[in-house]
Amino acid sequence: MSTDAKPLDTSIGVISDDQLARVQNAYGLTSLLVLPFFSLNKSIIDLRRRTETARKVFIESDQGVLFLKELPWYCSSVEFAEFQTELLSRLHDLGAPVARPLATTSSRRFFHDRRTGSIFTLQPYVAGRSWTGGDGEAQAAGRALAGLHTHARQTRMNGLPVMRDVFSTAESLVGLLEDSAEHPEPVRKEIDDFRRLALATVDRSRTEAYAAGYGAEALPVHGDFNPFNLIFGEISGSVESIVGIVDFDNACLDDRAHDLGEALVRFGWVNYRGLSSAYGAVPAGFDHAAVAAVLAGYREADKAAATAARPLLPAVMTAVALELAAIGLLSAYYTPSDLPALRRNAQTLPKMAAEAVALAW
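If you count by my numbering, then the sequence shown holds residues 260 to 620, one letter each, in order.
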């Protein structure tokens, strides 16, 4: 995720009527009904609430049920929109479970509202269900990720972005902890101690990963592969399936280990509050069953690629886990009382990650 400053949020997640009218005109929709709620796993999700990233709504139209999303501030540029929508279109054509962005009447696959500067994408709604925490789902995620990477390798695109490795992203997010002026002096010192320790650990992880071959092959990666960006289908027998991969707002060029290591952390490290994306307690260790499930799925689909990525994974997992620790502090999921546990993790993560991968292989 970019560390660009987030602009002041002057809305509560609602797209204005006049902006919707411009979207409708841009896409040539003859009818449009906004659905501010939708049902997910028998729960009602309110899309009107304040959002941490961007506004989004479901639309019932003459072209079917559609999902309208505003690109978040950290990737809201015409250049990124062109890259992202071309990538999604090509992945869809190659058979990946990715919804193709619809084209406007001017044949662009996104709408740039020059009046406000907002950029929107419009995609068909993908029916399914969200993650419920099962190891079968984790294995399906691993299979889907390997398939996504196989398709991504085959994309031939213009205007690809430069490579952005997972360690630079982690370093940037951890670096934001330097601005902790709202805390009293003793807490600021504790946060700064953690920041320095985490940055040193990320730097060592980067050195180890590149020495082991990180970046030898760069391909378009998802950049935020986690349980909440996956849509699960119906279970066939005992086998889970993925029918949709969403939210490519962090897509970039990098080593496939970026996505695979992130998946291992997101499924096998982070404690969530229930089945929401909010963080719960600071992790004390990896869920070895979940790590094994993700790796089993990836190896099932592409054993050679999984084997090549194996020596890179502990370093990537360490960097991603520390990035998420920083996000947890910045988002107030974690509090100053969690700093001792976070410091301990900064010291022990490399060993814990290596053990988790070794046990799963």
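Glycine residues also receive a C-beta, built at the ideal position from the N, C-alpha and C atoms.
Note that the structure is predicted; figures quoted are calculated from it, not measured.
Discussion item. Taking its Cβ as the centre, do 16 or more other Cβ atoms sit within 10 Å of histidine 517, making it buried, or is it exposed?
Written reply: Taking the sequence shown and counting its residues from 1, one reaches residue 517 at position 258. The residue is buried, with at least 16 neighbouring Cβ atoms inside 10 Å.
Discussion item. Output needed for valine 616: all residues of its chain with C-beta closer than 8 Å, excluding positions within five of it in sequence on either side, in chain order.
Written reply: Numbered from its first residue, the sequence shown carries residue 616 at position 357. These residues qualify, in order along the chain: Leu523, Val550, Leu554, Arg569, Leu572, Pro573, Met576.
Worksheet item: Buried or exposed: which applies to tyrosine 380, given that a residue is buried once 16 or more other Cβ atoms fall within 10 Å of its Cβ?
Response: Along the sequence shown, read from residue 1 onward, the residue named residue 380 stands at position 121. As written in the sequence, residue 380 is threonine, which differs from the tyrosine given in the question. The residue in question, threonine 380, is buried, as its Cβ has 16 or more Cβ neighbours within 10 Å.
Worksheet entry | Of the residues Val273, Ala585, Asp506, the one placed nearest proline 356, counting alpha carbons only | What you label residue 356 is simply residue 97 of the sequence shown in a count that begins at 1. Comparing Cα positions, the closest option is Asp506.
Fill in: Euclidean distance between Cα positions of glycine 393 and aspartate 452
By 1-based counting over the sequence shown, the position of residue 393 is 134. By 1-based counting over the sequence shown, the position of residue 452 is 193. Taking the straight line from one Cα to the other gives about 36 Å.
Worksheet item: Roughly how many angstroms separate the alpha carbons of glycine 434 and arginine 454, rounded to a whole number?
Response: The residue you call residue 434 lines up with position 175 of the sequence shown. The residue you call residue 454 lines up with position 195 of the sequence shown. Answer to the nearest angstrom: the Cα atoms are 7 Å apart.
Worksheet item: Which first and last residues belong to the beta strand (DSSP E) in which glutamate 329 is found?
Response: Taking the first residue of the sequence shown as position 1, residue 329 is located at position 70. It spans 323–329 - the beta strand (DSSP E) in which glutamate 329 sits, taken as one unbroken run.
Practice prompt. Report all residues from its chain with a CB closer than 8 Å to the CB of histidine 442; omit the five preceding and five following residues, and keep chain order.
Written response: In the sequence shown, the residue the question calls residue 442 occupies position 183. For histidine 442, where only same-chain residues beyond five positions count, the Cβ hits under 8 Å are Ile450, Pro595.
Item to complete: Measure from the alpha carbon of arginine 367 to the alpha carbon of each residue in Ser590, Leu456, Val282, Asp597, then state which is nearest.
Response: Along the sequence shown, one-based indexing puts residue 367 at 108. Cα-wise, what sits closest to arginine 367 is Val282.
Worksheet entry | As assigned by DSSP and simplified to three states, the class of arginine 359 | The residue given as residue 359 occupies position 100 in the sequence shown. Arginine 359: coil per DSSP, three-state reduction.
Practice prompt. Find the nearest neighbour of tyrosine 473 within the set Val425, Ala612, Ser431, judged by alpha-carbon distance.
Written response: Translated into positions along the sequence shown, residue 473 becomes position 214. Comparing Cα positions, the closest option is Val425.
Worksheet item: Are the CB atoms of glycine 587 and glutamate 499 nearer to each other than 7 Å?
Response: As a working mapping, residue 587 is identified with position 328 in the sequence shown. As a working mapping, residue 499 is identified with position 240 in the sequence shown. Result no, Cβ atoms of glycine 587 and glutamate 499 do not sit closer than 7 Å.
Worksheet item: Which residues in the same chain have their Cβ closer than 7 Å to the Cβ of arginine 447, if we skip the five residues on either side of it in sequence?
Response: Residue numbering aside, residue 447 sits at position 188 when the sequence shown is read from its first letter. So the qualifying residues of the chain are Ser439.
Worksheet item: If you draw a straight line from the C-alpha of serine 389 to the C-alpha of valine 293, how long is it?
Response: If you number the sequence shown from 1, residue 389 lands on position 130. If you number the sequence shown from 1, residue 293 lands on position 34. The alpha-carbon atoms of serine 389 and valine 293 are separated by roughly 22 Å.
Worksheet item: Taking the alpha-carbon positions, what's the leucine 581 to serine 335 distance?
Response: If you number the sequence shown from 1, residue 581 lands on position 322. If you number the sequence shown from 1, residue 335 lands on position 76. If you take the alpha carbons of leucine 581 and serine 335, they lie about 26 Å apart.
Worksheet item: Run through DSSP, which three-state label would proline 443 get?
Response: Position 184 of the sequence shown, counting from 1, holds the residue named residue 443. It is coil, neither helix nor strand.
Practice prompt. For glutamate 493, name the three-state secondary structure that DSSP assigns.
Written response: Translated into the one-based positions of the sequence shown, residue 493 becomes position 234. Three-state DSSP puts glutamate 493 in coil, outside helix and strand.
Worksheet item: Anyone know if the C-beta pair for alanine 457 and glycine 482 falls short of 7 Å?
Response: Mapped onto the sequence shown, residue 457 falls at position 198. Mapped onto the sequence shown, residue 482 falls at position 223. Not a contact, by the Cβ cut-off of 7 Å.
Item to complete: Kindly indicate which three-state DSSP category alanine 615 falls into: helix, strand or coil?
Response: Counted from its first residue, the sequence shown places residue 615 at position 356. Alanine 615: helix per DSSP, three-state reduction.
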